[in-house]
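Note sheet for the following structure.
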Amino acid sequence: MIVGEQKSIEEIKKIVSPYKKVLILGCGTCVKTCFAGGEDEVAVLASALRLAFKKDGRQIEVEEFTVERQCEDEFVQESAEAIDRNESVLSLACGAGVQAIARRYEETPVLPGVNTTFLGVLEKHGLFTEECSGCGDCQLAVFGSVCPYTRCAKKLLNGPCGGSREGKCEVDPETDCAWNLIIHRLKMLGQLNNLRVYIPPKNWSGSGSCGPRKLIRKDHIL
Amino acid sequence: MEKQFKPKISVFHCINVFGDGEVLLPPERQDAAVEFIKLPCSSMIKDVFMLRAFEAGADAVMVMVCPEGACRYVEGNLRAKKRVGWVKNLLDEIGLDGRRLGLFNVPSEDAAVVGQIIEQTLSDLADLGPNPAA
Amino acid sequence: MKGNTAGKLEKILSSDGFAITAECGPPRGADAQVIRNKAQVLNGYVDAVNVTDNQTAIVRMSSIAACAHLMAMGLEPIMQMVTRDRNRIALQSDILGAYSLGIQNILCLSGDHQTFGSHPEALNVFDIDSMNLVRMVLDMREEGRDMSGFDLKKPPRMFIGAAANPFADPFEYRVIRLAKKIDAGADFIQTQCVYNMDRFKDWIRMAREEGLTEKVHILAGVTPLKSEGMARYMARRVAGMDVPEPLIKRMGGVPKKKAAEEGVKICLETIAEVREIKDVHGIHIMAIEWEEIVGEIVETAGLMPRPTLKS
Ligand code: SF4
Ligand code: SF4
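Note that the protein sequences, when read in sequence, are chains V, E and Y.
Using the numbering used here, the first residue of the first sequence is number 1, and each one after it goes up by one.
Using the numbering used here, the first residue of the second sequence is number 223, and each one after it goes up by one.
Using the numbering used here, the first residue of the third sequence is number 357, and each one after it goes up by one.
See below:
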């Protein structure tokens, strides 16, 4: 799923401050799971903002609404009336959701309330970890299903750097060294020979470095 | 002339701590308004309830839960503690002062303790003053 | 391990000599005199000088430019190059440019992570890794082609170095990684500082058993310790460093004034011991901000005079 974290109240106050009426728009999919922008977070943020503005003696109306998914136009439409009633939208979806709303409501300022951070896994309740960078050319088969492009701080393809220590990464001792995980997995799979194989430079042309990517499914387009 | 400050407190409590409003304020405290909101378990407390209580004008919000290790639903009071901590930070961020919110572990059916805690909160409020967003 | 390059380093190593290299970090400024002063104290005592590439991710004078200053003084540089800051286009271009200036040796590294340096907010590159870089330089030299397969007019012929850390985890993997670097094209290896001699010897033994020591020249890294504090700092804070506790104690066991002397003594003992290992073909002295001690170490170790092969 896409993982994000709500911006600070301070920053949110700043970006919505030019407007008198703000709709806080939540998204019920990924950002709900990571406690950044589901219905509950919308309610809390709305309440906190109302308190904050009231304390500052400012008259700003805050309305709440949540759709199932902000990245799908079908769901986005449900927010039409609420958006009409307001001057601006503070979206608590990922960056894609924010843009999907902005695309449909061209004359409404749509502002981000969340910092979208990564594609990750819910490791345990309240802990999310980054696992994939959407490189467009998945090579997990060689690496025992642990992604070095994402999980090694140096994107090393041919084994750990000299700083790997006791299974932890030199950049952050709280984070597992991706290569330690890879070696462990390959050991479990009896594929340690993979380690001896030279991995040539990665082809990044399918990654974000060539401009925005597109997926076209001709069989689904009428 | 400055209006006299009549503190308003909202108390969220788990029904296992005490039942309906048996907690009476001492006569000299009759100027304060204390509202009790009961919850089947303290884990039912949501961040937004606490914030809405402040929006409704509370000067302080108290969450009363069973002592640690004594929750009927095992970890309800621990969850409540985490949420209260989170909302306290939020209140600080807003500038409302996190000290207006507190979590209290209260032995079951101990009205005296509850009374003492409320008493303490009232005296803290004398320093904190009224909710600036009320 | 036969590059047929024109450099002195390869000549010494391929004629069974014992090579000495030292490290020299460019300044955080544009003053060429700083690098000249550092190099001057090394002149005559070492066979080649590693010039670091924004080491510890701190912005410094470029490695290529500093190498050029060294060459003007008659020293042979080993240009260090990290994949952290440049993509494959910039790396290749810099290699061509470096060779055109007369730089004959390269040490291929991935580089310290930028979070440790002066610009933690920088975007890193890591388009390719150090292994890929080794292979790239090899392909330029042996096939005469760049990474895209384009035939280069006058391809660069560089003597290719890579780093190895016998002390990092997982230990069993360290020899596999060495083998990969050799396959990728490394002619010589400079190791992380040797303080844990037992582990170093284990690593060499494993490499020998795999037949690796015949395929590559290994230069053992040494760093003279200046104080107990430095030893402790390296043990705790420097990624991939293994300084055994008894050594730290030994540094602490002498009066503060004598600590540097003790550090040099330890360094000399290490050098004497690695010289006994026939699969070690040289030493790499990393006297961080203490270049002036290198001459004394080389002299006391009995490694003077240095061969005067013309590069
Ligand atoms: S290889 Fe690419 S697609 Fe596969 S997990 Fe890694 S980043 Fe994601
Ligand atoms: S310690 Fe491991 S994960 Fe961290 S940079 Fe080195 S190889 Fe990558």
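The beta-carbon is built from N, C-alpha and C at its ideal position, and this holds for glycine as well.
May I ask you to check if the CB of residue i is nearer than 6 Å to at least one heavy atom of ligand 1?
i               : result
T150 of chain V : yes
S205 of chain V : no
C288 of chain E : no
S209 of chain V : no
L140 of chain V : yes
S145 of chain V : no
C623 of chain Y : no
C264 of chain V : Since the first and last residues shown for chain V are 1 and 222, residue 264 of chain V lies out of range.
V135 of chain V : The residue you asked about is not Val; residue 135 of chain V is Cys in the sequence shown. Yes, since a heavy atom of ligand 1 falls inside the 6 Å radius drawn around the Cβ of C135 of chain V.
If you measure from the CB of residue i, is any heavy atom of ligand 2 nearer than 6 Å?
i               : result
P663 of chain Y : no
C169 of chain V : yes
L222 of chain V : no
P329 of chain E : no
A518 of chain Y : no
G163 of chain V : yes
W179 of chain V : yes
A424 of chain Y : no
A478 of chain Y : no
What is the rounded straight-line gap between the Cα of residue i and the Cα of residue j?
i               : j               : result
G206 of chain V : C132 of chain V : 14 Å
E655 of chain Y : V146 of chain V : 50 Å
L230 of chain V : V42 of chain V  : What is shown of chain V runs 1 to 222, which leaves residue 230 of chain V out entirely.
P329 of chain E : M286 of chain E : 10 Å
L157 of chain V : A524 of chain Y : 17 Å
F374 of chain Y : V620 of chain Y : 20 Å
A422 of chain Y : A657 of chain Y : 28 Å
I83 of chain V  : H235 of chain E : 38 Å
M642 of chain Y : R662 of chain Y : 18 Å
L457 of chain Y : P600 of chain Y : 42 Å
C623 of chain Y : G577 of chain Y : 10 Å
K268 of chain E : G467 of chain Y : 48 Å
G317 of chain E : R85 of chain V  : 29 Å
S667 of chain Y : M586 of chain Y : The predicted position of S667 of chain Y is uncertain, since its pLDDT is 45 and thus under 50; no value can be drawn from it.
D372 of chain Y : L365 of chain Y : 11 Å
A280 of chain E : A141 of chain V : 58 Å
V16 of chain V  : L90 of chain V  : 7 Å
C234 of chain V : G38 of chain V  : An answer regarding residue 234 of chain V cannot be provided, because it is not within the stretch 1 to 222 covered by chain V.
H637 of chain Y : K582 of chain Y : 26 Å
By the 10 Å Cβ neighbour count, where 16 or more other Cβ atoms means buried, how is residue i classified, buried or exposed?
i               : result
F53 of chain V  : buried
N193 of chain V : exposed
A595 of chain Y : buried
Y149 of chain V : buried
S8 of chain V   : exposed
N521 of chain Y : buried
K310 of chain E : buried
R384 of chain Y : exposed
E224 of chain E : Residue placement at E224 of chain E cannot be trusted, given a pLDDT of 49 that sits under 50; what the coordinates show is reported in the next sentence. Under this definition E224 of chain E is an exposed residue.
A404 of chain Y : buried
Q342 of chain E : exposed
P389 of chain Y : Sequence check: residue 389 of chain Y is Gln here, not Pro. Q389 of chain Y should be labelled exposed.
A153 of chain V : buried
P512 of chain Y : buried
Given residue i, which residues of its chain have a CB within under 6 Å of its CB, disregarding the five upstream and five downstream residues?
i               : result
C293 of chain E : N299
A36 of chain V  : G4, E5, Q6 and V114
V415 of chain Y : S474
D349 of chain E : none
V397 of chain Y : E647 and E648
R444 of chain Y : D483, I484 and M503
R588 of chain Y : I604
F240 of chain E : E331
G26 of chain V  : G37, G38, E39, V42, T66 and L92
Between which residues of its own chain and residue i is the CB-CB distance below 8 Å, once the five residues before and five after are set aside?
i               : result
G189 of chain V : Correcting the residue type first, residue 189 of chain V is Leu in the shown sequence and not Gly. The answer, listed in chain order, is G144.
A628 of chain Y : A657
Looking only at its chain, what residues have a beta carbon closer than 7 Å to the beta carbon of residue i, apart from the 5 residues adjacent to it on each side?
i               : result
L438 of chain E : Residue coverage of chain E in this structure runs from 223 to 356, which leaves residue 438 of chain E outside it and unanswerable.
W559 of chain Y : P522, R530 and V531
E498 of chain Y : none
G136 of chain V : G206, S207 and R213
key: Meets three-Cβ-pair contact criterion under 8 Å: the region 607-617 of chain Y and the region 547-566 of chain Y   = Here the region 607-617 of chain Y makes no contact with the region 547-566 of chain Y; the two share fewer than three CB pairs at distances below 8 Å.
query = If we count Cβ pairs, one from each stretch, closer than 8 Å, do we get three or more for the region 194-204 of chain V versus the region 480-487 of chain Y?
reply = The answer is yes - the region 480-487 of chain Y touches the region 194-204 of chain V, with three or more Cβ pairs under 8 Å.
inquiry  = With a threshold of 8 Å, are at least 3 pairs of Cβ atoms found where one atom belongs to the region 331-341 of chain E and the other to the region 205-221 of chain V?
reply    = Inter-segment contact for the region 331-341 of chain E and the region 205-221 of chain V is absent: fewer than three beta-carbon pairs are separated by less than 8 Å.
query = Do the region 179-187 of chain V and the region 103-114 of chain V touch if we need at least three Cβ pairs shorter than 8 Å?
reply = Remark: fewer than three beta-carbon pairs, one from each stretch, lie closer than 8 Å, so the region 179-187 of chain V and the region 103-114 of chain V are not flagged as touching.
message = Between the region 122-136 of chain V and the region 62-73 of chain V, can you find at least three pairs of beta-carbon atoms closer than 8 Å?
response = Taking a cut-off of 8 Å for Cβ pairs, the region 62-73 of chain V and the region 122-136 of chain V do not touch, as fewer than three such pairs fall below it.
Touching by the beta-carbon criterion (3+ pairs, under 8 Å), the region 446-457 of chain Y and the region 117-124 of chain V = No: the two stretches stay apart, fewer than three of their Cβ pairs being nearer than 8 Å.
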